[in-house]
Each structure stands twice: as C-alpha cells, then as structure tokens.
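S.K.:
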C-alpha cells in the first residue's frame, strides 16, 4: 500500500478570507502612487533649476571659448600672411581651424562678422555671436 501525503491549499493558509473572497495584496493603492508622485515632483522642482542653470553656464563657457578660438585664428592668419581673411572659410582652408565652430546658443555656424576695409577690400577683423538674449552673468551675447 502506497502512502501519499495530503497537500493543503497553500493560498488558504497565507491570505485571509474576507466575506468568502480572497483579498488581493498585489499592487499599490492610488494614495501610495500619488504620494510617490508628489515626492518626485518636489525633488524635481528643486533639482531642475540648478540643472538648467548649469547647462546655461556650460553654453556660455563654450561660446566664449569658440569666440576666442575664432579671434586667435584671425590674429594668427594676419600675423602669418600680413592681411586679414576675406571669410571664415579662409581660416579653414589655410588650416588655422579644423572646422568653423557652431555657436552653442544658436546651434548654427552663422557668426556676426565684423569687417574693415583694407585697400578697397572688405576683410574680416572680428567675430561676434548672433545669439539673442543674455548670458548667466547678465551680459548680452551680441556684445561679446
């Protein structure tokens, strides 16, 4: 004769019965979800302004660096050749720049070129940003 053990329904031992139905413990209540969302929203309201400000500072720094590189390239071009470039592509073709930098504020390589007239010819003397607005320090981008 073979003995087989009796198997009890394991669910009936773990979960209490309420009015003849099993109570379901899975999932979160609406209140729990709302509390978590409020906590996340309050954390984001503190962190996001600091994050955005740091991005603005990084863009300002990149713009200053790009303007400095362009101006130094123009000065080196003049020191080597004895005349100013006619356009920014001259700096690239003569290997003073690998590529014309993109303005980090406008996301385009459209710089405001400051020309002077030398021997009845317009040549680039300086560059400025075409970006509208002000930097984190309060100065206008177009004045850099």
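Residue numbers (the numbering used here): 38 to 181. Backbone N, C-alpha and C define an ideal beta-carbon position, used for all residues, glycine too. Predicted model, so just to flag it, every value in this text is computed and none were measured.
Just to confirm the assignment: which complete beta strand (DSSP E) runs, minimum length 3, are found wholly within the region 94-156?
M.R.: As for any beta strand (DSSP E) of minimum length 3 sitting wholly inside the region 94-156, the runs are 149-155, ordered along the chain.
S.K.: Out of 107, 140, 81, which has the shortest C-alpha to C-alpha gap to residue 100?
M.R.: 140
S.K.: Terminal residues of the continuous beta strand (DSSP E) containing residue 159?
M.R.: 158-165
S.K.: Apart from the five residues just before and just after residue 147, which ones in its own chain have a Cβ nearer than 6 Å to its Cβ?
M.R.: 167
S.K.: Quick one, which of 119, 154, 117, 138 has its alpha-carbon nearest residue 125's?
M.R.: 138
S.K.: Using the Cα positions of residue 173 and residue 86, report the straight-line distance between them to the nearest angstrom.
M.R.: 13 Å
S.K.: Here's the rule I'm using: 16 or more other beta-carbon atoms within 10 Å means buried, otherwise exposed. How should residue 153 be labelled?
M.R.: exposed
S.K.: Taking just the CA atoms, how far does residue 93 sit from residue 108?
M.R.: A direct Cα-to-Cα measurement between residue 108 and residue 93 gives close to 23 Å.
S.K.: Throw me the rounded Cβ distance for the residue 165 and residue 145 pair, which I believe falls under 8 Å.
M.R.: The pair is not a contact, with the Cβ atoms about 14 Å apart (cut-off 8 Å).
S.K.: Using only the alpha-carbon positions, how far apart do residue 161 and residue 114 sit?
M.R.: 11 Å
S.K.: Grouping DSSP H, G and I as helix and E and B as strand, with all else coil, what is residue 90?
M.R.: helix
S.K.: Going by DSSP, which residues form a beta bridge with residue 177?
M.R.: Residue 177 pairs with 171.
S.K.: Use the C-beta contact count for residue 133: other C-beta atoms within 10 angstroms, 16 or more gives buried, fewer gives exposed.
M.R.: Around the C-beta of residue 133, 16 or more other C-beta atoms lie within 10 Å, and the residue is accordingly described as buried.
S.K.: Report buried or exposed for residue 70, applying the criterion of at least 16 other Cβ atoms within 10 angstroms of its Cβ.
M.R.: exposed
S.K.: Within this structure, are the beta carbons of residue 128 and residue 110 separated by less than 8 Å?
M.R.: yes
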